[in-house]
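Visitor: Residue numbers (my numbering): 1168 to 1399.
The C-beta atom is built at its ideal place from N, Cα and C for all residues, glycine as well.
Here the structure is a predicted model, which is why all the values come from computation and not from measurement.
One structure coming up, written as structure tokens, with questions to follow.
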């Protein structure tokens, strides 16, 4: 992979690794990154803003947007399974540094392994971001297994390894890449897309066909982000 260019947005994030540092081989995709447990606690409102890692204490959880520098986009992905065997959904949403919607998609697939589903969703979102011209991508997933696999941890199955090799190829096209775990409370737009019960196999989401519920979740994220800025 080529040398990465410097970028303050990625390097300020503790989960950041330049692409040429991220993957060491096809079978061991990625390198372990430092522990990135970070929290902002609002004791007055009894909320915990999670920036990765596990809960400090049990409380109503508010997960807020972590701003990006210009040129970066954030890809949030998710997957869901139906109670019927072999019915599952994938979803991803791409937003720019100002939390503006860029693209999204929902997929209906026949698979039961939730970790593989989550990994597929992440790969599809990353691929779409590259197709849109982004070269600095922050990927977030609420599946800790997926995050660990991409970081080079754990023992992925052969199926997972094949998807990770594909992700390796995508990352090699980027100037900067970051990945982190996000709690479900902060991943609602992607969760909504993954849960769409569609008759078609693929549904691309844009500003003209955006479901009202998705628009509501995006606006909710923006309100929390603006409130976070006002508290600073």
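Going by C-alpha to C-alpha distance, which of 1297, 1262, 1249 and 1315 sits closest to residue 1347?
Guide: Position 180 of the chain shown, counted from the first residue, corresponds to residue 1347. It is 1315.
Visitor: Pick from 1317, 1252 and 1242: whose alpha carbon is nearest that of residue 1258?
Guide: What you label residue 1258 is simply residue 91 of the chain shown in a count that begins at 1. Nearest C-alpha to residue 1258: 1242.
Visitor: Step through the CB atoms of chain D and report whether any lies within less than 9 Å of the CB of residue 1304.
Guide: Within the model displayed, chain D is absent; a lone protein chain is all it includes.
Visitor: Would the beta-carbon of residue 1272 fall within 9 Å of that of residue 1334?
Guide: Within the chain shown, the letter at position 105 stands for residue 1272. Within the chain shown, the letter at position 167 stands for residue 1334. Taking 9 Å as the Cβ cut-off, residue 1272 and residue 1334 do not qualify as a contacting pair.
Visitor: Below 8 Å on the Cβ atoms is my contact criterion, and I expect residue 1304 with residue 1293 to pass it. Report the Cβ-Cβ distance as a whole number of Å.
Guide: What you label residue 1304 is simply residue 137 of the chain shown in a count that begins at 1. What you label residue 1293 is simply residue 126 of the chain shown in a count that begins at 1. Their Cβ separation, rounded to whole angstroms, is 6 Å, which keeps residue 1304 and residue 1293 in contact under 8 Å.
Visitor: Who are the near neighbours of residue 1311 in its chain, counting only those whose CB is closer than 6 Å to its CB and skipping five residues on each side?
Guide: The residue given as residue 1311 occupies position 144 in the chain shown. 1348.
Visitor: Output needed for residue 1279: all residues of its chain with C-beta closer than 8 Å, excluding positions within five of it in sequence on either side, in chain order.
Guide: Position 112 of the chain shown holds residue 1279. For residue 1279, where only same-chain residues beyond five positions count, the Cβ hits under 8 Å are 1248, 1252, 1253 and 1255.
Visitor: Quick one: measure Cβ to Cβ for residue 1245 and residue 1327, integer angstroms, because I've assumed they're closer than 8 Å.
Guide: The residue labelled residue 1245 in the question sits at position 78 within the chain shown. The residue labelled residue 1327 in the question sits at position 160 within the chain shown. The Cβ separation is near 17 Å, so there is no contact.
Visitor: Excluding the five sequence neighbours on either side, which residues of its own chain have a C-beta within less than 8 Å of the C-beta of residue 1337, listed in chain order?
Guide: Walking along the chain shown from the start, residue 1337 turns up at place 170. Cβ neighbours of residue 1337 beyond the five flanking positions: 1290, 1293, 1294 and 1297.
Visitor: Could you tell me the alpha carbon to alpha carbon distance between residue 1345 and residue 1351, rounded to whole angstroms?
Guide: As a working mapping, residue 1345 is identified with position 178 in the chain shown. As a working mapping, residue 1351 is identified with position 184 in the chain shown. Distance between the alpha carbons of residue 1345 and residue 1351: 19 Å.
Visitor: I believe residue 1269 touches residue 1286 by the beta-carbon criterion, under 8 Å. Please report the beta-carbon distance rounded to the nearest angstrom.
Guide: For the purposes of this step, residue 1269 is taken as residue 102 along the chain shown, with counting starting at 1. For the purposes of this step, residue 1286 is taken as residue 119 along the chain shown, with counting starting at 1. Rounded, the Cβ-Cβ distance is 22 Å, inconsistent with contact.
Visitor: Taking residue 1261 as the reference, give the member of 1284, 1281 and 1307 with the closest Cα.
Guide: The residue given as residue 1261 occupies position 94 in the chain shown. Nearest C-alpha to residue 1261: 1307.
Visitor: Determine the direct distance from the alpha carbon of residue 1281 to that of residue 1382, and round the result to whole angstroms.
Guide: In the chain shown, the residue the question calls residue 1382 occupies position 215. In the chain shown, the residue the question calls residue 1281 occupies position 114. Going by the C-alpha atoms only, they are around 26 Å apart.
Visitor: Which runs of the beta strand (DSSP E) fall wholly inside the region 1299–1379 and span at least 3 residues, in chain order?
Guide: List check, beta strand (DSSP E) in window: 1303–1308, 1343–1348 and 1369–1372.
Visitor: For residue 1378, which option in 1339, 1387, 1363 and 1302 has the closest C-alpha, if you only look at C-alpha atoms?
Guide: Your numbering for residue 1378 matches position 211 in the chain shown. When only C-alpha atoms are compared, the closest one is 1363.
Visitor: Can residue 1240 and residue 1325 be called in contact, C-beta distance under 9 Å?
Guide: Here residue 1240 refers to the residue found at position 73 when the chain shown is read from its first residue. Here residue 1325 refers to the residue found at position 158 when the chain shown is read from its first residue. No, these two residues do not count as a Cβ contact at 9 Å.
Visitor: Of all the options 1391, 1331 and 1380, which has the alpha carbon lying nearest to the alpha carbon of residue 1288?
Guide: The count along the chain shown starts at 1 and reaches residue 1288 at position 121. The residue with the shortest Cα to Cα distance from residue 1288 is 1331.
Visitor: What is the residue span of the beta strand (DSSP E) that residue 1278 lies within?
Guide: Numbered from 1 along the chain shown, position 111 holds the residue referred to as residue 1278. Careful: residue 1278 lies outside any beta strand (DSSP E) and carries neither H nor E.
Visitor: Would you identify the three-state DSSP class for residue 1385, choosing helix, strand or coil?
Guide: Residue 1385 sits at position 218 when you count from the first residue of the chain shown. If DSSP states are grouped into helix, strand and coil, residue 1385 belongs with the helices.
Visitor: According to the neighbour-count rule (16 or more other Cβ atoms, all chains shown, within 10 Å of its Cβ), is residue 1322 buried or exposed?
Guide: For the purposes of this step, residue 1322 is identified with residue 155 of the chain shown, where counting begins at 1. Result: exposed.
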